[in-house]
Each structure stands twice: as structure tokens, then as C-alpha cells.
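Trainee: Just so it is clear: in the sequence shown, position 84 is 86 by our numbering, and no numbers are missing. Every residue, glycine too, gets a C-beta built ideally from N, C-alpha and C. Got a structure here, written out as C-alpha cells. Questions coming.
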Amino acid sequence: MVDRYRYWTREAIVADLDLIRHPFHVAIENWQHDFNIGTVVRNANAFLASAVHIVGKRRWNRRGAMVTDRYQHVMHHPDVVSFAAYGEQMDLDIIGIDLLPGSVPLETARLPSNAMLVFGQEGPGLSDAMQSICSDVYSIAQYGSTRSINAGVASGIAMHTWIRQHKFDS
Ligand SMILES: C[S@@+](CC[C@H](N)C(=O)[O-])C[C@H]1O[C@@H](n2cnc3c(N)ncnc32)[C@H](O)[C@@H]1O
């Protein structure tokens, strides 16, 4: 907890954060209880996303969130269709983050202010249904012998890219 919020109630902290949240959202697919979700939620709190969306199974392992889920809006969507409808209703630009054939390097991309950054799960990555509703898919450059990084780490890089572009670049 940062010093500023020491002794505040949870409700007061959430209300205060709601005044300054960034317009981007993040989402992760959860068809097999992905263990990265806690880290995604923790990163979403650090970079102050508007909300975190879990698409698929409702239950997720909260340990990695380190209680940051208490200060974030975490929404559940049972399937990609209902998630897409939410994105349309909220006028969000659904952006996939994955290394698929045809992915564009994130390092060269300009993320929209109203981005919904979507991460796939360990193993399969973004589902075909999710890929079909993404306006763009961006990949993070890697140089070692592993094919991918985990979704929690990828979420931190992507969220910080949004922060760098919208809070620091002119
Ligand atoms: C372990 S990866 C899934 C496997 C991946 N689709 C593959 O082809 O090997 C889990 C998720 O982490 C994110 N991810 C991992 N490495 C990435 C990279 N280099 N660029 C973009 N996203 C990445 C994506 O959201 C991905 O769906």
C-alpha cells in the first residue's frame, strides 16, 4: 500500500482511484484456470487500468494478485460473444497481445487510448474466437531460446507501453 492510502477504507481507496483511472482495459482468457491472472490484476492496479476482464471460467487463483483485486474492478464474461458485446457497448478497441503469424511488433505500434488489451492463456494463447474480434494483434520482441513469455509478464510490458505512449510521449 502506498503511504497516501494508509488507514483509508477499501471503499475510499477505490473511489479515489476511480477518479484517476486510465481509459485502457485489460482482459485475459481463462478456459483452464490460468495461473497468470493474479499477476495481470496486480499489473492492472499498478498501471491503473479501468478494469480487468476475465473471459471464460469465473474462478481464478487470487494468490498472485497480492490483494490488489480489492482495489480493481474485475468483471467476468462467460464467453467471447458477451465480451465482444461489452467492448462494443463501451466503445473499446479490442487489441490482441500474442505472437501469432501476422502479429505486428508492439515496439512499432501506437496503442489507442481506448484499448482493451487481451491476453491468451498458457498453452493455446488467444483462442480463435478471441482473435476474430481483435482489430490488431501485437507481439513483444524476444531474443532467447524460449518461444514465449508468460501472460503476466506480457501484460506488464503491454500496459507499460500504453503508459509510455499516453502519459510520456507527446
Ligand atoms: C505462454 S503464451 C501462449 C503461447 C503462445 N501463443 C505461443 O504461440 O507459443 C500465453 C500468453 O502470453 C502472451 N505472450 C507470451 N509471449 C508473448 C509475446 N512474445 N508477445 C506477445 N504476447 C505474448 C500472449 O497473450 C499469450 O497468449
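Excluding the 5 residues flanking H162 on each side, which residues of the same chain have their C-beta closer than 8 Å to its C-beta?
Mentor: Cβ neighbours of H162 beyond the five flanking positions: F49.
Trainee: Would you check if the segment 75-82 and the segment 145-154 touch, i.e. whether three or more CB-CB distances between them fall below 8 Å?
Mentor: The segment 145-154, when compared against the segment 75-82, does not touch it at the 8 Å Cβ threshold.
Trainee: Is F49 near ligand 1, in the sense that its beta carbon is under 6 Å from a heavy atom of that ligand?
Mentor: Flag unset: Cβ of F49 not near ligand 1.
Trainee: Kindly give me the distance between the Cβ atoms of V120 and A29, rounded to whole angstroms, as I take these residues to be in contact under 8 Å.
Mentor: Contact flag correct, Cβ pair sits at about 5 Å.
Trainee: Please classify H27 as buried or exposed, where buried requires at least 16 neighbouring CB atoms within 10 angstroms.
Mentor: It counts as buried.
Trainee: Can the beta-carbon of T11 be found less than 7 Å from the beta-carbon of N47?
Mentor: It is not a contact, given that the beta carbons lie outside the stated cut-off.
Trainee: With DSSP run on the structure shown, which of helix, strand or coil describes M3?
Mentor: DSSP places M3 in coil when its eight states are reduced to three.
Trainee: Measuring only from the beta carbon, is D100 closer than 6 Å to any heavy atom that is part of ligand 1?
Mentor: Checking every heavy atom of ligand 1 against the Cβ of D100, one is found closer than 6 Å.
Trainee: Is R65 close to ligand 1? I mean its beta-carbon at under 6 Å from any heavy atom of the ligand.
Mentor: R65 Cβ: outside cutoff for every heavy atom of ligand 1.
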